[in-house]
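S.K.: Okay, here's the structure, questions in a sec.
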Amino acid sequence: MSGLSVLFAIMRVGYLNRIRSYRFLVVLVLCIVTGYVFVPAPGANYVTLGWGSSTVFYRGVYNSAWIGSMVALLTGMFLALFGFYVVNDAVKLDETTGVGQVIATTPMGNHIYTLGNALGNFLVLGTMVFIVFLTALGMQLVRGEILSVDLWALSTPFLVLVLPLMFLVAAVAVLFETVTPLKGGVGNILYVFMWLFSLPLLSEVYDLVGNNMIISSMGAAGEAVFPEMRDVGFILGYSWGFPEGRTLATFTWTGIQWTFEILRTRLVLIGVAMGIALLASLRFNRFDPSSETGRPSVSPSIGIDVENHTPPATPLVDVELQPLGEEAVSFGFGSMLLAECSLMLREFPSIGSMGLLGAAAMIIAGIVLPEGLTKGVLLPVAWLVPVLYWSRLGTREARHGTKQLVFSSAGVLVRQFWAMWLTGVIISLASGGGVMLSLGMSGDMAGLVAVIVGALFVPSLALFMGVWTGSSKTFEFLYTLLWYIGPMNGVMSLDFIGVVPGSVEAGVWLWYLGATVILVGLAFIGRKLQVQN
Amino acid sequence: MSLNIQHVTKQYKGNRTPALTDFSIDLEPGILGLLGPNGAGKSTLMRIIATITKPTQGTVLWNGVDICKKPDSIRKELGYLPQDFGVYPNLNADEFLMYMAALRGVDGKAARERIDDLLAFVNLLEARKRPLGEYSGGMKQRIGIAQALLNDPQILIVDEPTVGLDPEGRVRFRHLLAELAGDRVVILSTHIVSDVEAAASDIAILNRGSLVTRSSPEELLRTVEGKVWEWVIHSDELIAVKQKHLLSSVIRHSDGVHVRVVADERPDLEAQQGLNPTLEEAYLYCVSSNRGVGMG
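Those sequence lines, one after another, are chains P and V. In this text, residue positions in the first sequence follow our numbering: the first is 243, and each later residue adds one. In this text, residue positions in the second sequence follow our numbering: the first is 2, and each later residue adds one.
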């Protein structure tokens with residue numbers, strides 16, 4: 243079998259594995275919804291691309307060129323983030339199913355494997371882009387400002403701008419899966435920051451999404467009709483609220499000339515993506531668990547050299563199992579909580595007791611540091627550090643295949659569910675306890691209540707997402723995003739811990755208290771469905 | 002103590018054929034050996050009894066209580082070893098068993114003492130502080146056995162329990178099952194007929210989701226009395242014999258191939274009635290003909 247055939251086979255299997263799942267169907271529905279909301283109706287209470295002053299909002303008329311480019315830009319930006327989490331499990335799937343052990347014994351080169359998976363990822367993302375493109379086509383007809391469809395103008399922004407970017411995302415996903423420290427939760431969180439910072443930081447050097455060239459072309463067309471647009475800021479992305487009395491002004495933009503220079507820059511992106519996929523091959527361990535730092539996560543029966551790990555045969559000891567008295571079985575809640583806490587602490591053996599020391603340091607820092615520093619810096623940091631612990635809530639049984647053992651136990655819903663939730667809250671208290679003490683000592687009771695609500699909200703969100711998705715990554719990336727945009731960037735409505743000035747007074751915490759109750763309720767329902775399947 | 006399974010059918014979504022069809026059986030203390038080919042519905046039956054999944058139709062009563070409506074009634078007294086199960090790789094045997102003990106309602110000192118005994122029983126005392134992620138398949142299976150016995154269950158369900166165990170471990174486990182069976186219900190599912198032969202007082206054979214027969218090992222053996230035949234063939238004839246008859250044994254000797262066949266009629270003029278029919282032959286006969294004890 244030639245290398246090309248193997249490459250094709252890996253790409254095909256990687257693609258089929260992902261698209262033949264219920265999850266992908268949900269993703270495609272989300273793509274359609276996203277494509278729909280990317281093209282707001284004239285009377286909608288939000289805008290996605292245009293130039294807005296308090297009195298006039300300028301945008302292009304909804305022809306194929308405008309809709310194609312607008313939806314392509316927004317798709318590029320959003321899928322560069324969300325798409326990563328859709329595809330970053332190709333290598334993991336081979337690892338957890340044990341197929342990787344078989345793959346490793348074939349003559350296939352590492353570069354073929356990583357490149358094949360990057361291409362498989364790309365096809366998955368490409369399918370999503372195609373669905374958004376079809377939605378964009380439909381939206382031009384639905385909005386009906388210009389009914390004649392120019393397929394070239396509509397499709398080329400997707401082809402030239404979005405697809406190369408998706409290939410880059412696909413390759414980065416493979417790289418994150420092959421570089422050990424970036425695997426799993428750490429990579430999931432790190433990627434959010436990469437996305438947040440790389441787009442603005444790179445924009446001066448390289449137009450990653452293509453927004454600079456498109457928006458300047460659109461702006462030039464608009465300014466030719468409305469010269470005053472020069473003094474108005476442009477909007478790209480969701481911007482909520484359309485001021486009362488603001489009028490809509492439209493101009494015609496016929497699209498961009500796809501020059502050789504533009505194509506060349508996009509080819510560079512493809513080249514970089516290829517390079518990243520090949521770079522991943524250098525770190526690919528061919529599913530050898532002994533090359534991992536820490537303990538192997540694969541089934542030892544297939545991944546470990548049994549000869550080296552089975553203890554020398556020891557003579558069997560005569561044991562007579564005594565009956566347990568009735569008093570020995572009590573189904574106490576305390577022992578369940580203790581067991582859950584113990585399990586949580588051992589999630590990351592490499593951190594070990596350092597985690598407890600870190601929590602103690604946080605508490606001391608909360609008491610010692612001045613209030614401004616405590617609330618403004620320590621509190622948001624304390625709410626990011628335990629993400630990987632929270633994200634395990636509700637996912638362990640699915641991840642480690644212990645569902646049958648756990649769910650056949652009595653009182654799973656009454657004891658284990660609440661013990662698990664309480665463990666998450668204890669982690670919040672351990673991490674943010676210092677700040678809470680500081681707020682309490684300074685008499686800021688309203689602030690203290692808001693922080694306590696945050697301590698309840700975060701594990702509830704984690705448990706809800708863990709139970710319903712069976713995976714920790716949804717919480718890891720959505721929570722990191724929420725943490726960054728809310729508490730760190732001062733968006734009051736997303737401030738779930740009451741650090742943004744005015745948010746406590748505005749009663750934002752009340753919303754999060756309500757959300758906590760709903761999330762716990764939904765998590766409980768989800769767990770009930772799992773247990774009573 | 003009784004387990005009554007009444008007209009249970011289980012249809013999985015997307016599958017045309019039910020995994021179990023109108024299955025009924027009543028159990029009292031003792032060991033029931035469940036035998037059947039792959040896909041016969043054994044694991045589905047055990048998952049239903051273990052309250053992992055619910056039947057599409059029918060009821061399962063544990064001491065008269067419907068476990069579909071009140072699953073905790075059986076869960077409190079259940080020990081369960083699934084065929085495929087995972088462990089938490091970062092925990093050692095002690096920690097994992099303490100966690101499972103908490104889930105099974107066994108607390109504190111009683112749990113620790115029980116774990117000591119069980120680890121000694123499954124011969125993992127020396128490895129008790131090693132992370133489970135480093136365990137071999139057989140060691141993991143032994144941890145599975147230990148967790149199933151943590152709460153001294155009144156009903157023990159074990160699916161392929163001896164897979165990965167060494168011969169000594171297998172024998173010891175069979176003895177344990179025999180000891181436990183005195184005053185509790187034990188359901189043992191396996192492909193290894195000798196395990197059932199050694200431990201079970203009662204055998205149920207499933208095929209294509211239905212109960213083919215339920216009988217004692219002795220009764221089952223009687224179904225093949227006079228139906229096992231032996232003769233010597235040339236190796237060229239082996240394929241034809243395989244296609245035509247239900248072959249239970251093939252042994253090559255210098256004088257040719259000694260075959261053993263289960264058949265109602267004499268399969269060949271040279272065939273002689275075989276001595277000592279085995280349980281495996283009785284099982285093959287029942288499954289191939291879908292005939293049980295007393296069905297002729």
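For every residue, glycine included, the Cβ atom is placed at its ideal position computed from N, Cα and C. Quick caveat: nothing in here was measured; it's all calculated off a predicted structure.
1) Within the same chain, show all residues whose beta-carbon is closer than 6 Å to that of alanine 688 (chain P), passing over the 5 residues directly before and after it, in chain order.
2) So asparagine 793 (chain P) is in the alpha helix (DSSP H); what residue range does that whole segment cover?
3) Using only CA atoms, which one of V:Glu96, V:Val260, V:Asp73, V:Val172 lies nearest to serine 584 (chain P)?
4) Give the straight-line distance between the Cα atoms of glycine 285 (chain P) and leucine 736 (chain P), rounded to the nearest whole angstrom.
5) At 7 Å on the CB atoms, spell out the chain P contacts of valine 66 (chain V), in chain order.
6) Are the C-beta of proline 83 (chain V) and some C-beta of chain P separated by less than 8 Å?
7) Should arginine 588 (chain P) be flagged as near chain V, meaning a C-beta pair shorter than 8 Å?
8) How is phenylalanine 495 (chain P) classed by DSSP in three states: helix, strand or coil?
9) Could you spell out where the beta strand (DSSP E) holding glutamine 774 (chain P) opens and where it closes?
10) Count Cβ pairs between the stretch 221-231 of chain V and the stretch 64-82 of chain V that sit closer than 8 Å; are there 3 or more?
11) Using a Cβ-Cβ distance under 8 Å, would methionine 2 (chain V) count as near chain C?
12) With C-beta atoms as the reference, is alanine 522 (chain P) less than 8 Å away from leucine 393 (chain P)?
13) Distance cutoff 8 Å, beta carbons only. Does isoleucine 53 (chain V) sit that close to anything in chain P?
14) Which of the three DSSP states is assigned to serine 216 (chain V) in this structure?
15) In this structure, does DSSP put valine 548 (chain P) in helix, strand or coil?
16) Going straight from the alpha carbon of proline 162 (chain V) to that of threonine 191 (chain V), what length do you get?
17) For a test of the three-state rule: what should DSSP assign to alanine 7 (chain V), helix, strand or coil?
18) Chain V partners of threonine 644 (chain P), CB-CB under 8 Å?
19) Considering only residues of the stretch 672-716 of chain P, which uninterrupted alpha helix (DSSP H) runs meet the minimum length of 4 residues and lie entirely inside it, listed in chain order?
20) Which of the three DSSP states is assigned to threonine 60 (chain V) in this structure?
21) Given asparagine 352 (chain P), which residues of its chain have a CB within under 7 Å of its CB, disregarding the five upstream and five downstream residues?
22) Is there at least one Cβ from chain P nearer than 8 Å to glycine 109 (chain V)'s Cβ?
23) For valine 271 (chain P) and valine 709 (chain P), what's the separation of their Cα atoms in angstroms?
24) So the alpha helix (DSSP H) asparagine 259 (chain P) belongs to, where does it begin and stop?
25) Name, please, each residue of chain V whose Cβ falls closer than 7 Å to the Cβ of phenylalanine 573 (chain P).
26) Pick out whichever of P:Gly380, P:Leu316, P:Asp331, P:Val275 has its Cα sitting closest to the Cα of isoleucine 261 (chain P).
27) Which residues in the same chain as methionine 319 (chain P) place their Cβ atom closer than 6 Å to its Cβ, once the five residues preceding and following it in sequence are excluded?
28) Compute the Euclidean distance between the alpha carbons of valine 258 (chain V) and isoleucine 32 (chain V), then round it to the nearest angstrom.
29) Suppose contacts are defined by Cβ-Cβ distances below 8 Å. Is leucine 587 (chain P) in contact with alanine 607 (chain P) by that definition?
30) Counting along the chain, where does the beta strand (DSSP E) carrying leucine 248 (chain V) start and finish?
31) At the 8 Å Cβ level, is glutamate 238 (chain V) part of the contact set with chain P, yes or no?
32) Please state whether DSSP places aspartate 269 (chain V) in a helix, a strand or coil.
33) Inspect the beta-carbon positions of isoleucine 477 (chain P) and glycine 294 (chain P) and report whether they are closer than 8 Å.
34) Got a sec? Which residues, its chain only, sit under 8 Å from tyrosine 100 (chain V) by beta carbon, not counting five neighbours each side?
35) Where do the N-terminal and C-terminal ends of the alpha helix (DSSP H) with leucine 365 (chain P) fall, by residue?
36) Should valine 654 (chain P) be labelled buried (16 or more other beta-carbon atoms within 10 Å of its own) or exposed?
M.R.: Let me lay it out:
1) Result list for alanine 688 (chain P): Val746, in chain order.
2) One cannot answer for residue 793 (chain P) here, as it falls past the ends of chain P, which runs 243 to 775.
3) Across the set V:Glu96, V:Val260, V:Asp73, V:Val172, the C-alpha of V:Glu96 shows the shortest separation from the C-alpha of serine 584 (chain P).
4) Cα atoms of glycine 285 (chain P) and leucine 736 (chain P): separation of roughly 26 Å, rounded to the nearest angstrom.
5) Within chain P, no C-beta atom comes nearer than 7 Å to that of valine 66 (chain V); the closest sits roughly 13 Å away.
6) Taking Cβ atoms only, chain P reaches closer than 8 Å to proline 83 (chain V), which makes this a yes.
7) Flagged as an interface residue toward chain V: arginine 588 (chain P), by a C-beta distance shorter than 8 Å.
8) Note on residue identity: the sequence assigns tryptophan, not phenylalanine, to residue 495 (chain P). Three-state result, tryptophan 495 (chain P): coil.
9) It is not in any beta strand (DSSP E) - glutamine 774 (chain P) carries neither H nor E in the DSSP assignment.
10) Contact fails: fewer than three Cβ-Cβ distances are below 8 Å.
11) This model lacks chain C altogether, as its protein chains are P and V.
12) In this structure, leucine 393 (chain P) does not lie closer than 8 Å to alanine 522 (chain P) by Cβ.
13) At least one chain P Cβ lies under 8 Å of isoleucine 53 (chain V).
14) In the three-state reduction of the DSSP assignment, serine 216 (chain V) falls in the strand class.
15) Caution applies to valine 548 (chain P), whose pLDDT of 38 falls short of 50 and renders its modelled position unreliable; the model cannot decide the point.
16) So the alpha carbons of these two residues sit roughly 7 Å apart.
17) The sequence shown places glutamine at residue 7 (chain V), rather than the alanine named in the question. Of the three classes helix, strand and coil, the one that applies to glutamine 7 (chain V) here is strand, per DSSP.
18) Within chain V, Phe86, Gly87, Val88, Tyr89 have C-beta atoms less than 8 Å from the C-beta of threonine 644 (chain P), given in sequence order.
19) Entirely contained in the stretch 672-716 of chain P, the alpha helix (DSSP H) runs reaching 4 residues are, in chain order, 687-711.
20) Three-state DSSP puts threonine 60 (chain V) in a strand.
21) Within its own chain, the residues whose Cβ lies closer than 7 Å to the Cβ of asparagine 352 (chain P), once the five positions on either side in sequence are excluded, are Ser523, Phe526, Arg528, listed in chain order.
22) It does; some Cβ of chain P falls within 8 Å.
23) Roughly 21 Å between the two C-alpha positions.
24) First-last of the alpha helix (DSSP H) with asparagine 259 (chain P): 245-261.
25) Chain V residues near phenylalanine 573 (chain P): Gly106.
26) Looking at the Cα atoms, P:Asp331 is the closest of the given residues.
27) Around methionine 319 (chain P): Val451.
28) Using only the alpha carbons, I get a separation of about 38 Å.
29) In terms of Cβ geometry, leucine 587 (chain P) and alanine 607 (chain P) do not form a close pair [threshold 8 Å].
30) Element bounds for leucine 248 (chain V): 247-254.
31) For glutamate 238 (chain V), the answer is no, since every Cβ of chain P falls outside 8 Å of its Cβ.
32) For aspartate 269 (chain V), the three-state secondary structure derived from DSSP is coil.
33) One thing to note: isoleucine 477 (chain P) has its Cβ within 8 Å of the Cβ of glycine 294 (chain P).
34) The answer, listed in chain order, is Tyr89, Leu92.
35) Residues 352-385.
36) Valine 654 (chain P) is buried by the Cβ-count criterion.
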